[in-house]
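Enquirer: In the numbering used here, the protein residues as written are 2 to 160. Each residue gets a CB set at the ideal place from its N, CA and C atoms; glycine is no exception.
The structure is reproduced here in structure tokens:
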């Protein structure tokens, strides 16, 4: 079993990705009743991911590469709420990689950063461009964003 330990933040300064090359992603959810089943297309690669319930910032996660055509079919035909679209950038800070997601479509304006950790005891860096932590705020979970397809209210967006 793989264990995902992740913290999620809002990004106070989206300019941090200026000049970086990102990967376009579309993702949707087939099931979200305690065990999330996510379909993702990242660039030209498909993935199927199963995620268990979160316990703090940790959860079981199983991710498998699948054929692109299968991912496209699953997104189009089996994700009840459709897909969310975003561009992901990797921003290295002090030996850690932040995954910065710039959302598009109805979620345009939302920019989040996630960081995966080897242990819950590890304190990640806190660069000046990082905003409020939203790890425990389920309104900012990707599964909830896919379901509502709108910015959380009240939004904690910068500016």
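#1: According to DSSP, residue 87 sits in a beta bridge with which residue or residues?
#2: Apply the 10 Å Cβ neighbour rule to residue 30 and answer buried if 16 or more other Cβ atoms are within range, or exposed otherwise.
#3: Could you tell me the boundaries of the beta strand (DSSP E) in which residue 61 lies?
#4: Is the beta carbon of residue 87 less than 8 Å from the beta carbon of residue 104?
#5: Thinking C-alpha only, which one of 117, 83, 91, 151 is nearest residue 21?
#6: Residue 47 by DSSP, collapsed to three states: which one?
#7: Would DSSP call residue 160 helix, strand or coil?
#8: Kindly indicate which residue of 125, 52, 120 has the alpha-carbon position closest to the one of residue 144.
#9: Within the continuous beta strand (DSSP E) that includes residue 131, where are the two ends?
Expert: With the given structure in hand:
#1: Paired residues: 26, 104.
#2: In this structure residue 30 is buried. Its beta-carbon is surrounded by 16 or more other beta-carbon atoms within 10 angstroms.
#3: Residues 59-67.
#4: Yes, they are a contact pair.
#5: Ranked by Cα distance from residue 21, the options 117, 83, 91, 151 are led by 91.
#6: Residue state, collapsed to three classes: strand.
#7: Bear in mind that the predicted position of residue 160 carries a pLDDT of just 47, short of 50, making it too unreliable to give a figure here.
#8: Cα-wise, what sits closest to residue 144 is 52.
#9: Here the beta strand (DSSP E) through residue 131 covers 131-134.
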